[in-house]
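Inspection log for the structure reproduced underneath, given as structure tokens.
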């Protein structure tokens, strides 16, 4: 039962420590430990939604996938980089629906790719609104790409598909993620020049950086 799983997990410390617990939250960390125990027993993190031995673990795994999808869409979510990294250490499968590809799925992917090509030709970019069917497909490609370093043989995002998307200068990060990376680079440049990250609120050389730093505080 759940208590037994928790008791067994209490002796497991291979992926967590006190500092990591503070970053992830105690409740999340406890489930992470239970998930590691599940993987040791079953060889993967594909916990069934209805897992009689530890029902709350199945709910936890499902919730992480939902939170991750919201995170990728830029919506409010409990997911963050620390939690993503912790789960990736267990080779967590973010898309449990991945199945071996078939001719049908190849045709479906190519159809959406053709639509994206038309969009790119018309608009000069691939920043498709996520409210459309094509936009949701674009979001899914990013979702799978983030999984790519830890992907399984069943991943539908193959190197060939990545190459085809790259031909369209496909944006693997959302615009907000790109802006975040730009501000991080700007901040690193500022630190190299000034020795710290104390960007004043009024900083004429880079007013965008000043506003961004103020927002982070």
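In our numbering, the protein residues as written are -2 to 214. Using N, Cα and C, we set each Cβ at its ideal position, and we do this for glycine too.
Legend entry - For residue 122 and residue 157, the rounded distance between their alpha carbons: 20 Å
Legend entry - Beta-carbon separation (whole angstroms), residue 125 vs residue 69, contact threshold 8 Å: In fact, because the Cβ distance is near 14 Å, the residues do not count as touching under 8 Å.
Inset, instruction - Indicate the three-state DSSP secondary structure (helix, strand or coil) for residue 16 in the structure shown. - result: Correct three-state label for residue 16: helix.
Inset, instruction - Express the C-alpha separation of residue 194 and residue 163 in angstroms, rounding to a whole number. - result: 35 Å
Inset, instruction - Report the option in 188, 134, 191 whose CA atom is closest to the CA atom of residue 167. - result: Residue 167 has its Cα closest to that of 134, out of 188, 134, 191.
Inset, instruction - Taking only the alpha-carbon atoms, compute the straight-line gap between residue 189 and residue 78 and give it to the nearest angstrom. - result: Their Cα atoms are separated by approximately 25 Å.
Legend entry - Between the CA atoms of residue 140 and residue 107 - distance to the nearest angstrom: Computed Cα separation, rounded: 18 Å.
Legend entry - For residue 91 and residue 22, the rounded distance between their alpha carbons: 20 Å
Inset, instruction - Can you grab the Cα-Cα spacing for the pair residue 20 / residue 76, in whole Å? - result: Cα to Cα, the separation comes out at about 12 Å.
Inset, instruction - Could you pull out every residue in the same chain whose Cβ sits closer than 6 Å to the Cβ of residue 109, ignoring the five residues on either side in sequence? - result: 134
Inset, instruction - State the start and end residues of the unbroken alpha helix (DSSP H) segment that holds residue 209. - result: 204 to 213
Inset, instruction - Round the Cβ separation of residue 80 and residue 25 to the nearest angstrom and send it over; I've been treating them as touching at under 8 Å. - result: 6 Å
Legend entry - Coil, strand or helix - residue 83 by DSSP: helix
Inset, instruction - May I have the straight-line CA-CA distance separating residue 161 from residue 177, to the nearest angstrom? - result: 26 Å
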